[in-house]
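**Student:**
Numbering (UniProt numbering), first residue to last: 1 to 397.
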C-alpha cells in the first residue's frame with residue numbers, strides 16, 4: 001500500500017529534477033500559443049518515463065496518459081505552460097534569455113510539478129487502478145485560452161474528475177487555499193468607442209465632444225454595480241483605459257474606453273452588457289453622439305465541485321498539516337481551468353509560493369516575480385496524493 005511516507009520519499013528523490021525542470025523552463029519562456037520548444041521539452045521529458053502514452057493534441061500542448069493495470073475511473077491533472085510579455089528584472093543564473101518574455105506567473109512551476117507527478121506515478125503503474133491524464137496546456141494567459149482547444153481535441157473524453165493548481169505568491173509557502181463552490185471569477189472585456197464631432201477648442205459649441213461624453217459614460221457605468229445589481233451579488237466593473245485627444249487645442253472626435261467585468265453569477269454576468277449598452281446609448285443620445293460597444297466574454301468562473309474538493313482538502317491536510325489549509329474568500333482573478341470543469345467535476349487549488357524571509361514578495365505579473373521553489377515539492381506531493389486517493393476511493397466504493 002502506498003503511504004504518505006512512500007509519497008514523501010518519492011518526491012524527495014526527484015526534488016532536484018523538478019527544480020531543474022522549472023529553472024530550464026524559466027530560462028526559455030514562450031508566450032501564449034507560441035510554446036513550441038516548451039511543448040517539445042515536455043514531450044521529450046515525458047517519453048523518458050515508463051508506461052506513458054504521449055500525444056500532441058495541438059501544436060503547442062502535450063497530453064500523457066497513464067493507464068493502470070486495473071480498471072477504474074479517470075482523473076485528469078492540468079498544468080499551464082505559457083509565459084508573459086514582460087522583461088525580467090531578476091538576476092539569477094536561470095533568468096529569461098528571451099528579451100521581453102518572462103515566466104512571471106508561475107506556469108514554469110506548474111509544468112515542473114506535473115512532470116514530477118507523472119514521473120512518480122509512472123513508476124507505480126502496477127498499483128494503479130484506472131487512468132490518469134496529464135494535461136500540459138498552452139495559452140492560458142490570452143483569450144480564447146488553450147483549454148477550449150484541448151477540450152475540443154478530446155482530452156476530457158470519459159474523464160470522471162479534473163484537478164489543477166496555481167502557485168500563489170501572496171500565500172506563504174506551506175499554506176494551501178481551496179474551497180467548494182465559487183473560487184475564481186468570470187472575466188469579460190468591454191471596449192467602447194464614442195463617436196462625436198471634433199473641432200477647435202476655441203469653439204466647443206460647434207463640436208460633439210467625445211472626450212467629455214466619454215467621461216460621463218465612465219461615471220455612469222458605476223451605476224451598474226451601485227444601483228442596478230443586488231448588493232448581495234459580487235460584481236466588479238473596472239474601467240482601465242481611456243484614450244482621447246491629440247493636442248491641447250483640438251477637441252477629439254472619438255474616445256475609446258476599455259475595461260473588465262468580473263462576476264460569479266451567470267445571470268448577473270449576462271445582464272451586464274445589456275445594462276452597459278443602455279447607459280452608453282442614453283448618454284450618447286443625450287449629446288448627439290454615436291457609439292460602438294464590443295463586449296467579449298472571457299473565462300467562466302472556476303466553480304469547485306463539493307466531493308472532489310473534499311477529497312483535495314483531505315489530501316492537503318494529510319500532506320501538510322491541518323492548519324495549512326486556508327479558509328479565504330473567493331478571488332476575482334480568472335482561470336480557464338473553468339473550461340475543464342464544464343466537462344467533469346473538478347477542483348482547483350492555490351499553493352502558497354511566497355517567502356518574505358527569502359525576499360520572495362513581488363506580485364504575479366511583476367518583472368521581479370519569483371516563487372519559493374520549496375512549493376514545487378508540496379505541489380508534487382499533493383498531486384500524487386490526490387491521484388492515489390481518487391483511485392483508492394474507487395476501490396473502496
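Every residue gets a Cβ at the ideal spot worked out from N, C-alpha and C, and that includes glycine.
Treat the numbers as computed from the prediction; the structure is a model and nothing was measured.
At the level of alpha carbons, what is the spacing between residue 395 and residue 344?
**Tutor:** For the purposes of this step, residue 395 is taken as the residue at position 395 of the chain shown. For the purposes of this step, residue 344 is taken as the residue at position 344 of the chain shown. Unreliable placement is indicated for residue 395, whose pLDDT of 44 sits below 50; the coordinate value is still reported in the next sentence. When rounded, the distance between both Cα atoms is 20 Å.
**Student:** Run through DSSP, which three-state label would residue 339 get?
**Tutor:** For the purposes of this step, residue 339 is taken as the residue at position 339 of the chain shown. Helix, per DSSP.
**Student:** What is the residue span of the alpha helix (DSSP H) that residue 219 lies within?
**Tutor:** By one-based count along the chain shown, residue 219 stands at place 219. Note, residue 219: alpha helix (DSSP H), 210 to 221.
**Student:** Tell me whether residue 302 sits in a helix, a strand or coil according to DSSP, three-state version.
**Tutor:** For the purposes of this step, residue 302 is taken as the residue at position 302 of the chain shown. Strand at residue 302.
**Student:** As a quick exercise: from 247, 257, 236, 246, pick the residue whose alpha carbon is nearest that of residue 268.
**Tutor:** In the chain shown, the residue the question calls residue 268 occupies position 268. For residue 268, the nearest C-alpha among the options comes from 236.
**Student:** Could you say if the stretch 29 to 47 and the stretch 135 to 143 meet the contact criterion of at least three C-beta pairs nearer than 8 Å?
**Tutor:** Yes, they touch.
**Student:** Quick one: what's got a C-beta closer than 7 Å to residue 98's C-beta in the same chain, skipping five residues either side?
**Tutor:** Mapped onto the chain shown, residue 98 falls at position 98. Result list for residue 98: 28, 29, in chain order.
**Student:** Can you grab the Cα-Cα spacing for the pair residue 370 / residue 212, in whole Å?
**Tutor:** Against the chain shown, residue 370 aligns to sequence position 370. Against the chain shown, residue 212 aligns to sequence position 212. Cα-Cα distance, rounded: 42 Å.
**Student:** Out of curiosity, what's the CA-to-CA distance linking residue 130 and residue 270?
**Tutor:** The residue labelled residue 130 in the question sits at position 130 within the chain shown. The residue labelled residue 270 in the question sits at position 270 within the chain shown. Cα to Cα, residue 130 sits roughly 39 Å from residue 270.
**Student:** Given that a residue counts as buried once 16 or more other Cβ atoms are within 10 Å of its Cβ, and exposed if not, what is residue 289?
**Tutor:** Numbered from 1 along the chain shown, position 289 holds the residue referred to as residue 289. Counting of Cβ neighbours within 10 angstroms places residue 289 among the buried residues, the total reaching 16 or more.
**Student:** In angstroms, rounded to a whole number, what distance separates the CA positions of residue 16 and residue 3?
**Tutor:** Stepping through the chain shown from its first residue, residue 16 is reached at position 16. Stepping through the chain shown from its first residue, residue 3 is reached at position 3. Cα to Cα, residue 16 sits roughly 22 Å from residue 3.
**Student:** So residue 27 is in the beta strand (DSSP E); what residue range does that whole segment cover?
**Tutor:** As a position in the chain shown, residue 27 is number 27, starting the count at 1. Following the DSSP letters along the chain, one finds residue 27 in no beta strand (DSSP E) but inside the alpha helix (DSSP H) bounded by residues 15 to 27.
**Student:** Put residue 149 into one of helix, strand or coil per three-state DSSP.
**Tutor:** Here residue 149 corresponds to residue number 149 of the chain shown, with the count starting at 1. Looking at residue 149 - three-state DSSP - the assignment turns out to be helix.
**Student:** Taking the alpha-carbon positions, what's the residue 387 to residue 277 distance?
**Tutor:** Reading the chain shown from its first residue, position 387 is the one you call residue 387. Reading the chain shown from its first residue, position 277 is the one you call residue 277. Approximately 47 Å, taken between the alpha carbons.
**Student:** Tell me which same chain residues have a C-beta within less than 8 Å of the C-beta of residue 279, skipping the five on either side of it?
**Tutor:** Here residue 279 is taken as the residue at index 279 of the chain shown, counted from 1. Excluding residues within five positions, the ones whose Cβ falls inside 8 Å are 217, 220, 221, 223, 224.
**Student:** Take the Cβ of residue 356 as the centre, count every other Cβ of all protein chains shown within 10 Å, and call the residue buried at 16 or more, exposed below.
**Tutor:** Taking the chain shown and counting its residues from 1, the one referred to as residue 356 is at position 356. Flag for residue 356 reads exposed.
**Student:** Determine the direct distance from the alpha carbon of residue 50 to that of residue 335, and round the result to whole angstroms.
**Tutor:** Within the chain shown, the letter at position 335 stands for residue 335. Within the chain shown, the letter at position 50 stands for residue 50. One alpha carbon belongs to residue 335, the other to residue 50, and they sit about 31 Å apart.
**Student:** Pull up the distance between the alpha-carbon of residue 330 and that of residue 338, whole angstroms please.
**Tutor:** Stepping through the chain shown from its first residue, residue 330 is reached at position 330. Stepping through the chain shown from its first residue, residue 338 is reached at position 338. Each residue's Cα considered, the two are about 14 Å apart.
**Student:** From the DSSP output, in three-state form, read off residue 311 for me.
**Tutor:** For the purposes of this step, residue 311 is taken as the residue at position 311 of the chain shown. Three-state result, residue 311: helix.
**Student:** Under DSSP, the alpha helix (DSSP H) around residue 34 begins and ends at which residues?
**Tutor:** As a first step, residue 34 is located in the chain shown; it is residue number 34 there, counting from the start. Note, residue 34: premise wrong, no alpha helix (DSSP H); not H, not E.
**Student:** Just the C-alpha distance for residue 324 and residue 171, rounded to the nearest angstrom, thanks.
**Tutor:** Looking up residue 324 in the chain shown gives position 324. Looking up residue 171 in the chain shown gives position 171. Answer to the nearest angstrom: the Cα atoms are 11 Å apart.
**Student:** Between residue 341 and residue 162, what straight-line distance do the alpha-carbon atoms span, to the nearest angstrom?
**Tutor:** Here residue 341 corresponds to residue number 341 of the chain shown, with the count starting at 1. Here residue 162 corresponds to residue number 162 of the chain shown, with the count starting at 1. Cα-Cα distance, rounded: 7 Å.
**Student:** Count the C-beta pairs between the stretch 195 to 207 and the stretch 164 to 178 that are closer than 8 Å, then say yes if the count reaches three, no if not.
**Tutor:** no
**Student:** If you run the structure through DSSP and keep just helix, strand and coil, what is residue 228?
**Tutor:** To locate residue 228, count along the chain shown from 1; it is residue 228. It is coil, neither helix nor strand.
**Student:** Could you check the C-alpha separation between residue 297 and residue 193 for me, to the nearest Å?
**Tutor:** As a working note, residue 297 is residue 297 in the chain shown. As a working note, residue 193 is residue 193 in the chain shown. Approximately 18 Å between the Cα atoms of the pair.
**Student:** Using 8 Å as the limit for Cβ to Cβ distance, is residue 35 near chain C?
**Tutor:** No chain C appears in this structure, which consists of one protein chain only.
**Student:** If you follow the alpha helix (DSSP H) that residue 276 is part of, which residue opens it and which one closes it?
**Tutor:** Residue numbering aside, residue 276 sits at position 276 when the chain shown is read from its first letter. Looking at the DSSP string, the run of the alpha helix (DSSP H) that includes residue 276 is 266 to 286.
**Student:** So, with DSSP's three-state summary, where would you put residue 124?
**Tutor:** Sequence index remark: in the chain shown, residue 124 carries index 124 (1-based). In the structure shown, residue 124 sits in coil (DSSP, three-state: anything other than H, G, I, E or B).
**Student:** Taking just the CA atoms, how far does residue 242 sit from residue 41?
**Tutor:** Residue mapping note: residue 41 aligns to position 41 of the chain shown, counting from 1. Residue mapping note: residue 242 aligns to position 242 of the chain shown, counting from 1. Taking the straight line joining both Cα atoms gives about 41 Å.
**Student:** Taking the alpha helix (DSSP H) that residue 54 falls in, what are its first and last residues?
**Tutor:** Sequence index remark: in the chain shown, residue 54 carries index 54 (1-based). No alpha helix (DSSP H) holds residue 54; the beta strand (DSSP E) holding it covers 52 to 55.
**Student:** Who are the near neighbours of residue 39 in its chain, counting only those whose CB is closer than 8 Å to its CB and skipping five residues on each side?
**Tutor:** As a working mapping, residue 39 is identified with position 39 in the chain shown. So the list reads 56, 59, 60, 61, 62, 81, 136, 138, once near-sequence residues are dropped.
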